[in-house]
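**Student:** Take a look at this one; I'll ask things after.
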Amino acid sequence: MIHQKPLKSSSVKIHAIRWVVTALSIFLCLKHTAFAQVQLPNIIYINVDDLGWKDLGCMGSAYYETPNLDRLASRGMQFTQAYAQAANCAPSRACLMSGQNTPRHGIYTVSPSARGDERTRQLIPTPNTEVLADSVYTMAEMLRDQGYMTATFGKWHLGEDPTTQGFQINVGGSTRGNPGKEGYFSPYNIDHLEDGPEGEYLTDRLTDEVLSFLEANQDTTFFVYLPYYSVHTPIMGKEALMRQFENKPASDGQGRADYAAMVASVDQNVGRILQWLEARGLTKSTLIILTSDNGGIRAISSQQPLRAGKGSYYEGGIRVPLIVRWDGQIEAGSRCETPVTNMDIYPTLQAIVGRESKGQTLDGEDISPLLYGRPLAERPIFWHFPIYLQAYDEQLDQGRDPLFRTRPGSVVRLGDWKLHEYFEDGELELYQLSEDMGEAHNLADTHPQKAKELYQLLIDWRKTTQAPVPTERNPQYDSAYEQAQRNRQTTEKELK
């Protein structure tokens, strides 16, 4: 018989330590594997075109009816101070897909940049880029390269075909920015989308296409980008839904039955997608994001108390609804007051899926800590728009002047403070949003140090990003004509 010698106490300790290390390694390995599984959720990003900050019931609308979107908010996190990185369609989408601010990709507006009567424009605006360059490594390419099946359904507006920029499937996306005259009912005017039965509604059809894709790819890891054409003009709701709102009293500047019907259609169709996910038990493995690309059109849907609307860099033009749901990861019914922008989505998803950066500069910030209830350090948010956008409705837009929604300038928000700088005359407007979210009281003269602090931030940021500032005077500008137009608008407003 072989007798084993008893282990010395030091050997016993070493032996025990080895077992602890081994067990810990196994635990960490398992934990890492579970973490990796959590880090690779399915992703559904829903963008509702021109949906205003206050166009949801959960955001304060007493007129529109959005039970499914409200339920989405109740199961996830609702951001109350979320922003689009630009005040209209194409530049906002370029910021989302690139993770970069407008000076880096050069898309400032829906071309051209010189909009409005040339006799009222003092400067030659910066030329506009219409297509997101193929050199940009898009969010879709990042997710595709991480193993995601990528598909887009709806408005692209950044090039002829999003399959050249990271999407493996494209339904309905091209350079087109809206569905055109009578475009919400089949036969359609949409590229990359076959006509459906006569009278089929576009929002319903795009959702049908999404559900077909999900059925075919539910066993893969997928990224669905669903940029509905709704609720962009032309305002066209389904007849049955319009009747539902015709006799409903208007509330706080919201009262158009046709627009309410469009919002309701979006709500119903998002509900269909949620129902599909819930029926298959996929809500714990699916990250859902719902937002808008810019503020609502104020003449169609008021965003009171926010000032102005789409095309303006006052709050009504850039503040948007944002809801993020991921069951088991994000606390249901939570709210976040931290300012964020759609430019943050790219680096956030990149962090969640564990993808290493390819070296492309990302101006957005990873906001994933906010999703888990952890704070982020305060940071400035910048907007830059060296262009002109003419007025939609000179009486209702609430712009700086009645002739334009936007004149060339830059904006910065830091904490509760927001500064507008206008390049034509160098004027500064300073607002304290916690006290004046309607941006009615310019504090630049009464708080000169705060204005100076934020103005210096703008100067430094423009140097860093090489943001172009137009300085060339427009030879067609006519100050007398411009003043006459302003006076006319003032007279018409007083008569009303």
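Counting from 519, one number per residue, gives the positions in the sequence shown under our numbering.
For glycine and all other residues, C-beta sits at the position ideal for the given N, C-alpha and C.
Note that the structure is a prediction, hence the values are computed from the model and not measured.
For a test of the three-state rule: what should DSSP assign to D722, helix, strand or coil?
**Tutor:** Residue numbering aside, residue 722 sits at position 204 when the sequence shown is read from its first letter. The answer is helix: DSSP assigns D722 an H, G or I state.
**Student:** Terminal residues of the continuous alpha helix (DSSP H) containing S629?
**Tutor:** Taking the first residue of the sequence shown as 1, we reach residue 629 at position 111. Run containing S629: none; DSSP gives neither H nor E here.
**Student:** When we look at the beta-carbon of T964 and count the other beta-carbons within 10 Å, is it buried (16 or more) or exposed?
**Tutor:** The residue labelled residue 964 in the question sits at position 446 within the sequence shown. By the neighbour-count rule (16 or more Cβ atoms within 10 Å), T964 is not buried but exposed.
**Student:** With the cut-off set at 8 Å, would you say S928 and E939 are in Cβ contact?
**Tutor:** Here residue 928 corresponds to residue number 410 of the sequence shown, with the count starting at 1. Here residue 939 corresponds to residue number 421 of the sequence shown, with the count starting at 1. Cβ distance < 8 Å, so S928 and E939 count as in contact.
**Student:** Does DSSP put K936 in a helix, a strand or coil?
**Tutor:** Within the sequence shown, residue 936 is the residue found at index 418, counting from 1. K936 falls in the strand class under three-state DSSP.
**Student:** Are there 16 or more other CB atoms within 10 angstroms of the CB of S765, so buried, or fewer, so exposed?
**Tutor:** Counted from its first residue, the sequence shown places residue 765 at position 247. Checking the sequence shown, residue 765 turns out to be Asn, not Ser. Label assigned to N765: exposed.
**Student:** Step through the CB atoms of chain C and report whether any lies within less than 8 Å of the CB of P621.
**Tutor:** Structure shown: chain C not included; a single protein chain is present.
**Student:** Go ahead and label R991 buried or exposed: buried means 16 or more other beta carbons lie within 10 angstroms of its beta carbon, across all protein chains shown.
**Tutor:** For the purposes of this step, residue 991 is taken as the residue at position 473 of the sequence shown. Exposed: under 16 other Cβ atoms inside 10 Å.
**Student:** Please list, in chain order, all residues of the same chain as G882 whose beta carbon is under 6 Å from its beta carbon, the five residues on each side excluded.
**Tutor:** Looking up residue 882 in the sequence shown gives position 364. Answer for G882: G617, M861, D862, Y864, P865, listed in chain order.
**Student:** Compute the Euclidean distance between the alpha carbons of V784 and T1008, then round it to the nearest angstrom.
**Tutor:** Reading the sequence shown from its first residue, position 266 is the one you call residue 784. Reading the sequence shown from its first residue, position 490 is the one you call residue 1008. Whole-angstrom Cα-Cα distance: 38 Å.
**Student:** Quick one: Cα of P823 to Cα of R918, how far?
**Tutor:** In the sequence shown, the residue the question calls residue 823 occupies position 305. In the sequence shown, the residue the question calls residue 918 occupies position 400. So the alpha carbons of these two residues sit roughly 16 Å apart.
**Student:** Take G594 and list the residues in its own chain whose beta-carbon comes closer than 6 Å to its own, dropping the five residues that flank it on each side.
**Tutor:** In the sequence shown, residue 594 corresponds to position 76, counting from 1. Answer for G594: I841, V842, R843, I848, listed in chain order.
**Student:** Can you name, in chain order, every residue of its own chain whose Cβ lies under 8 Å from the Cβ of L729, other than the five neighbours on each side?
**Tutor:** Indexing the sequence shown from 1 puts residue 729 at position 211. The answer, listed in chain order, is R790, I791, W794.
**Student:** Quick check: the Cα distance between V930 and S704, rounded to an integer number of angstroms?
**Tutor:** One-based indexing of the sequence shown puts residue 930 at position 412. One-based indexing of the sequence shown puts residue 704 at position 186. The alpha-carbon atoms of V930 and S704 are separated by roughly 43 Å.
**Student:** Using the rule of at least 16 other Cβ atoms within 10 Å of the residue's Cβ for burial, across every protein chain shown, is Y999 buried or exposed?
**Tutor:** Here residue 999 corresponds to residue number 481 of the sequence shown, with the count starting at 1. Y999 counts as exposed, since fewer than 16 other C-beta atoms from the protein chains shown sit within 10 angstroms of its C-beta.
**Student:** Classify A895 as buried or exposed, calling it buried when 16 or more other Cβ atoms lie within 10 Å of its own Cβ.
**Tutor:** Looking up residue 895 in the sequence shown gives position 377. Exposed.
**Student:** Applying the 10 Å Cβ sphere with the 16-neighbour rule, what's the burial state of P767?
**Tutor:** Along the sequence shown, one-based indexing puts residue 767 at 249. Exposed, because fewer than 16 other Cβ atoms sit within 10 Å of the Cβ of P767.
**Student:** Could you check if T638 is buried or exposed, using at least 16 other CB atoms within 10 Å of its CB as the buried criterion?
**Tutor:** Numbered from its first residue, the sequence shown carries residue 638 at position 120. Label assigned to T638: buried.
**Student:** Measuring CB to CB, does G732 end up less than 8 Å from F671?
**Tutor:** Walking along the sequence shown from the start, residue 732 turns up at place 214. Walking along the sequence shown from the start, residue 671 turns up at place 153. Per the sequence presented here, residue 732 reads as Leu, with Gly not at that position. Going by C-beta atoms, L732 is not nearer than 8 Å to F671.
**Student:** Which residues in the same chain have their Cβ closer than 6 Å to the Cβ of S852, if we skip the five residues on either side of it in sequence?
**Tutor:** What you label residue 852 is simply residue 334 of the sequence shown in a count that begins at 1. Around S852, the same chain offers M595 as residues with beta carbons nearer than 6 Å, after the five sequence neighbours per side are excluded.
**Student:** Counting C-beta neighbours from all protein chains within 10 Å, is the total for H959 16 or more, i.e. buried, or is it exposed?
**Tutor:** To locate residue 959, count along the sequence shown from 1; it is residue 441. Exposed, because fewer than 16 other Cβ atoms sit within 10 Å of the Cβ of H959.
**Student:** If you measure between the beta carbons of E678 and T693, is that distance less than 8 Å?
**Tutor:** For this step, residue 678 is matched to residue 160 along the sequence shown. For this step, residue 693 is matched to residue 175 along the sequence shown. Yes.
**Student:** Buried or exposed for I899, going by 16 or more other Cβ atoms inside 10 Å?
**Tutor:** Locating residue 899 in the sequence shown gives position 381, counting from the first residue. Here I899 is buried. Its C-beta has 16 or more other C-beta atoms within 10 Å.
**Student:** Tell me whether the beta-carbon of Q916 lies closer than 8 Å to the beta-carbon of R1004.
**Tutor:** Translated into positions along the sequence shown, residue 916 becomes position 398. Translated into positions along the sequence shown, residue 1004 becomes position 486. Their beta carbons are not under 8 Å apart, which means Q916 does not touch R1004 by this criterion.
**Student:** For the alpha helix (DSSP H) containing N960, list its first residue and its last residue.
**Tutor:** Counted from its first residue, the sequence shown places residue 960 at position 442. Here N960 belongs to no alpha helix (DSSP H), and DSSP marks it neither H nor E.
**Student:** Tell me the DSSP secondary structure of Q950 in three-state form.
**Tutor:** Taking the first residue of the sequence shown as position 1, residue 950 is located at position 432. Here Q950 sits in strand by DSSP.
**Student:** On the three-state DSSP scale, how would you describe D881?
**Tutor:** One-based indexing of the sequence shown puts residue 881 at position 363. Coil at D881, not helix or strand.
**Student:** Identify the residues that DSSP records as bridge partners of W901: which are they?
**Tutor:** Start at 1 with the first residue of the sequence shown, and residue 901 comes out as number 383. BP columns for W901 point to V929.
**Student:** For I836 versus I564, is the C-beta distance shorter than 8 Å?
**Tutor:** Sequence index remark: in the sequence shown, residue 836 carries index 318 (1-based). Sequence index remark: in the sequence shown, residue 564 carries index 46 (1-based). Contact annotation: I836 and I564 have beta-carbon atoms that are not nearer than 8 Å.
**Student:** Closer than 7 Å: is that where the CB of K970 sits relative to any heavy atom of the ligand GDP?
**Tutor:** The model depicted lacks the ligand GDP and carries no ligand whatsoever.
**Student:** What is the DSSP secondary structure of Y635, counted as helix, strand or coil?
**Tutor:** Indexing the sequence shown from 1 puts residue 635 at position 117. Rather than Tyr, the amino acid found at residue 635 in this sequence is Asp. Three-state DSSP puts D635 in coil, outside helix and strand.
**Student:** Among the candidates Y655, Q868, K756, D770, whose CA atom is the shortest distance from the CA of Y777?
**Tutor:** Start at 1 with the first residue of the sequence shown, and residue 777 comes out as number 259. Measuring from the Cα of Y777, the nearest candidate turns out to be K756.
**Student:** Report, in whole angstroms, the separation of the C-beta atoms of Q994 and E727, which I expect to be a contact under 8 Å.
**Tutor:** Numbered from its first residue, the sequence shown carries residue 994 at position 476. Numbered from its first residue, the sequence shown carries residue 727 at position 209. The Cβ separation is near 47 Å, so there is no contact.
**Student:** So what does DSSP say about F1043, is it helix, strand or coil?
**Tutor:** Since the first residue of the chain shown is 519 and the last is 1014, residue 1043 is not available in this structure.
**Student:** Taking the DSSP output, what are the residues bridged to Y890?
**Tutor:** As a first step, residue 890 must be located in the sequence shown, where it is residue number 372. Y890 pairs with nothing; no bridge assigned.
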